[in-house]
Amino acid sequence: MLPSNPAQRIEALVRPSVRRLPLYDPGADPRQLGTPTVTKLSNCENPLGMSPAAAAVLARQGGAGLERYPDPSARALRQLIGGQLEVDPARIILGNGSENILELLCLALLDPLDRVVTQCPCFSLHESLPLMMGAQVDKVAFNHDFSVDLPAWATALRQPAKMLMLSTPCNPVGTALSAMELSALVAATHPDTLLVIDEAYFEFVEDGADALAILGAQLRPWIILRTFSKAYGLAGLRIGYGIASHPSLIDALHRVRTPYNVNQPAQEAAKAAWLDQEHVARSREFVAIERQRLTEGLQAAGFRVAPSQANFLFVDTACNALEVVDELLKDGIIVKAWREPGYTGFIRVSLGLAEQNQAFLTRLQRAVATLAG
């Protein structure tokens with residue numbers, strides 16, 4: 086017998102694996118805060134903005150050509166990326182953000198009860214997208230100092246897995262795998278397991294593994310995911326790319342990809358941004374300076390901070406992080422509370438402009454003092 090309540094009737098139609106999923110938390114909406122000044126440090130956006138070259142392209146283009154569908158395969162952009170990276174464009178796929186490619190991987194490859202191994206803490210979609218498909222997700226924790234626990238990974242990878250899915254730098258921690266650590270993980274993984282390396286923040290890394298160089302010589306299946314949202318500053322256009330070990334993996338993703346999933350303004354802006362490496366270099370240098378400055382300020386104030394190589398910091402507030410976030414919202418500062426077990430005292434804060442970072446530091450100390458009573 087069908088439930089009489091309309092919401093219950095709809096709920097009954099939803100797959101059980103989807104009913105169990107949490108909603109994605111993007112952080113507070115700045116438009117709903119009602120404060121005169123809002124400092125948004127929740128989504129790891131580029132504080133210097135988008136590439137000026139990309140902005141110029143968008144200004145020139147205006148609305149011209151938007152009555153036409155975009156290039157369905159983003160051929161020109163794939164050729165540009167492939168030429169620079171010395172990768173066959175047939176091994177490259179573009180997506181509506183790199184999260185779109187994560188979703189395609191899960192749709193194309195995962196069956197119910199397949200096993201996926203990832204980090205803890207992890208980017209939420211590395212867990213929720215496999216769970217959406219009914220897969221089993223096993224997570225491997227960092228050591229207390231946020232170093233990689235290689236013995237724990239070796240134990241986890243002894244059992245068969247369909248995918249090993251991890252980010253470097255890790256979101257939300259910020260640590261980047263070294264060449265030794267990535268090579269050890271590859272060696273410990275079954276040759277038929279797909280390696281999914283999410284490098285959304287790799288442009289900010291100063292000392293870490295070159296995943297493309299390490300995996301490029303491997304005959305095993307792998308894919309590296311990157312984005313134009315962070316260092317290139319195109320988060321609002323939603324465009325990312327994947328580099329696969331073989332064109333056959335890209336073909337599989339095209340089978341489940343919706344047509345025209347990357348709009349034409351995004352493709353044009355990404356081409357201009359890709360060629361504007363001066364903006365990437367400026368962003369990398371700015372982030373490095375502010376990352377060190379804010380890390381030192383937080384540590385001097387008594388906070389534990391993970392050693393980041395990204396454009397954000399993972400901070401132990403030693404309080405309930407949700408309450409800390411609420412206190413900061415009163416001052417118009419938006420950061421993200423982490424909710425995974427074992428990390429519910431942590432917040433992730435994006436690096437903003439110097440004055441924004443200083444305001445965050447001052448108000449965080451005040452928020453924690455208020456909560457401590």
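This note's numbering puts the sequence shown at residues 86 to 458.
The beta-carbon is built from N, C-alpha and C at its ideal position, and this holds for glycine as well.
{"Asked": "Can the beta-carbon of S127 be found less than 8 Å from the beta-carbon of G112?", "Found": "yes"}
{"Asked": "What do you reckon, are the CB atoms on T253 and E212 nearer than 8 Å?", "Found": "no"}
{"Asked": "Which partner residues does F399 have in the DSSP bridge list?", "Found": "R433"}
{"Asked": "What separation, rounded to the nearest whole angstrom, lies between the Cα atoms of P276 and G219?", "Found": "23 Å"}
{"Asked": "Please state whether the Cβ-Cβ distance between M248 and T278 is less than 8 Å.", "Found": "yes"}
{"Asked": "Would you give the residue range spanned by the alpha helix (DSSP H) that L189 belongs to?", "Found": "183 to 194"}
{"Asked": "Secondary structure at Q117, three-state DSSP: helix, strand or coil?", "Found": "helix"}
{"Asked": "Mind checking who C404 pairs with in its DSSP beta bridge?", "Found": "DSSP lists no partner for C404."}
{"Asked": "Using the C-alpha atoms, what's the distance from Y326 back to I186?", "Found": "8 Å"}
{"Asked": "Once the 5 residues before and after V365 are set aside, which same chain residues still bring their CB inside 7 Å of it?", "Found": "E288, A316, Y317"}
{"Asked": "Alpha carbon to alpha carbon, how far is I324 from C404?", "Found": "36 Å"}
{"Asked": "Among the residues of its own chain, which have a CB less than 8 Å from the CB of L398, if the five just before and after it don't count?", "Found": "G259, R376, L379, T380, L383, V390, A391, R433, V434, L436"}
{"Asked": "The alpha helix (DSSP H) that contains L249, what's its start and end?", "Found": "Looking at the DSSP string, L249 is not in any alpha helix (DSSP H); the run it does join, the beta strand (DSSP E), is 248 to 252."}
{"Asked": "Please return the same chain residues whose Cβ sits closer than 6 Å to the Cβ of A226, not counting the five positions on each side in sequence.", "Found": "C205"}
{"Asked": "Judging by CA-CA distance, which residue of P257, V409, P174, L456 is the nearest neighbour of C129?", "Found": "P257"}
{"Asked": "Could you pull out every residue in the same chain whose Cβ sits closer than 7 Å to the Cβ of Y154, ignoring the five residues on either side in sequence?", "Found": "Y345"}
{"Asked": "If we ignore side chains and look at the alpha-carbon of each, how far apart do N90 and Q117 end up?", "Found": "31 Å"}
{"Asked": "Going residue by residue through the stretch 358 to 385, where are the continuous alpha helix (DSSP H) segments of at least 4 residues, counting only ones entirely within it?", "Found": "362 to 385"}
{"Asked": "Grab the span of the beta strand (DSSP E) containing I308 for me, first residue to last.", "Found": "307 to 312"}
{"Asked": "At what residues does the alpha helix (DSSP H) containing V49 begin and finish?", "Found": "Nothing in the structure corresponds to residue 49, since the chain is present only between 86 and 458."}
{"Asked": "State the beta-bridge partners of C129 as determined by DSSP.", "Found": "DSSP lists no partner for C129."}
{"Asked": "How is the beta strand (DSSP E) around I177 delimited, first residue to last?", "Found": "177 to 180"}
{"Asked": "When we look at the beta-carbon of T455 and count the other beta-carbons within 10 Å, is it buried (16 or more) or exposed?", "Found": "exposed"}
{"Asked": "Taking the alpha helix (DSSP H) that V142 falls in, what are its first and last residues?", "Found": "137 to 146"}
{"Asked": "Excluding the five sequence neighbours on either side, which residues of its own chain have a C-beta within less than 7 Å of the C-beta of R448, listed in chain order?", "Found": "L413, D416, I418"}
{"Asked": "Which word fits E152, buried or exposed, when buried means at least 16 other C-beta atoms lie within 10 angstroms of its C-beta?", "Found": "exposed"}
{"Asked": "Between which two residues does the beta strand (DSSP E) containing L446 stretch?", "Found": "L446 -> not in any beta strand (DSSP E); alpha helix (DSSP H) instead, spanning 439 to 457."}
{"Asked": "Mapping DSSP to helix, strand and coil, what is A226?", "Found": "strand"}
{"Asked": "Using alpha carbons as the reference points, say which of T274, V341, F208 lies closest to Y286.", "Found": "F208"}
{"Asked": "Specify, as a first and last residue, the run of the alpha helix (DSSP H) that R243 falls within.", "Found": "Neither: R243 is in no alpha helix (DSSP H) and is coded neither H nor E."}
{"Asked": "With a cut-off of 8 Å, do at least 3 Cβ pairs link the stretch 337 to 354 to the stretch 172 to 187?", "Found": "yes"}
{"Asked": "Just how far apart, CA to CA, sit L270 and V202?", "Found": "12 Å"}
{"Asked": "Can you check which of these residues, A444, V453, Q352, is closest to R160 by C-alpha distance?", "Found": "Q352"}
{"Asked": "Tell me whether Y428, by its Cβ, gets closer than 7 Å to a heavy atom of the ligand HEM.", "Found": "Inclusion of the ligand HEM in the displayed structure is not the case, the ligand content being empty and no account of it being possible."}
{"Asked": "From the DSSP output, which residues share a beta bridge with T124?", "Found": "I418"}
{"Asked": "Using the C-alpha atoms, what's the distance from L192 back to L280?", "Found": "16 Å"}
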